[in-house]
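Asks:
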Amino acid sequence: MKFGRQWIPNYTDLDDEELLKQIEIIKKELEDTKRWLEESAKEKGPMAYMDKRMAKLAYAFAREKYRLYKEEATRRGIIK
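Below is the structure:
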């Protein structure tokens, strides 16, 4: 699974259109990491533990990032 997105530290400086675009990208990442987390829960083998931990970390990061961006969009009144 490839996670090559960068964190945008100044997401508050994004214009409305770009913020909505980033929210959609992050939403897709969140779905992908959730699927990865579910798949890693079924794995067996020597690397299964590490894979599960990485999946949990990636999911938590994506979830928090999505929350922050969505909160900013709500604050601006772009979404309800």
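When we follow this note's numbering, the leftmost residue of the sequence shown carries the number 7, and every step to the right adds one.
C-beta atoms are modelled at their ideal positions from N, C-alpha and C, and glycine is treated no differently.
Just so you know, these numbers come straight off a predicted model, no measurement behind them.
On the criterion of 16 or more Cβ atoms from any shown chain inside 10 Å, does residue 29 qualify as buried, or is it exposed?
Replies: As a working mapping, residue 29 is identified with position 23 in the sequence shown. So residue 29 ends up on the buried side.
Asks: Is the beta carbon of residue 58 less than 8 angstroms from the beta carbon of residue 68?
Replies: Here residue 58 refers to the residue found at position 52 when the sequence shown is read from its first residue. Here residue 68 refers to the residue found at position 62 when the sequence shown is read from its first residue. Cβ distance not < 8 angstroms, so residue 58 and residue 68 don't count as in contact.
Asks: First and last residue of the alpha helix (DSSP H) that includes residue 53?
Replies: Taking the sequence shown and counting its residues from 1, one reaches residue 53 at position 47. Premise fails: residue 53 is in no alpha helix (DSSP H) and is neither H nor E.
Asks: Check this for me: beta carbons of residue 72 and residue 33, under 8 angstroms apart or not?
Replies: Translated into positions along the sequence shown, residue 72 becomes position 66. Translated into positions along the sequence shown, residue 33 becomes position 27. Taking 8 angstroms as the Cβ cut-off, residue 72 and residue 33 qualify as a contacting pair.
Asks: Using beta-carbon positions only, say whether residue 66 and residue 42 come within less than 8 angstroms of one another.
Replies: Stepping through the sequence shown from its first residue, residue 66 is reached at position 60. Stepping through the sequence shown from its first residue, residue 42 is reached at position 36. Not in contact: residue 66 and residue 42 (Cβ atoms no closer than 8 angstroms).
Asks: For residue 6, does the count of other Cβ atoms within 10 angstroms reach 16, so buried, or fall short, so exposed?
Replies: This structure gives no information on residue 6, because the portion of the chain shown stretches from 7 to 86.
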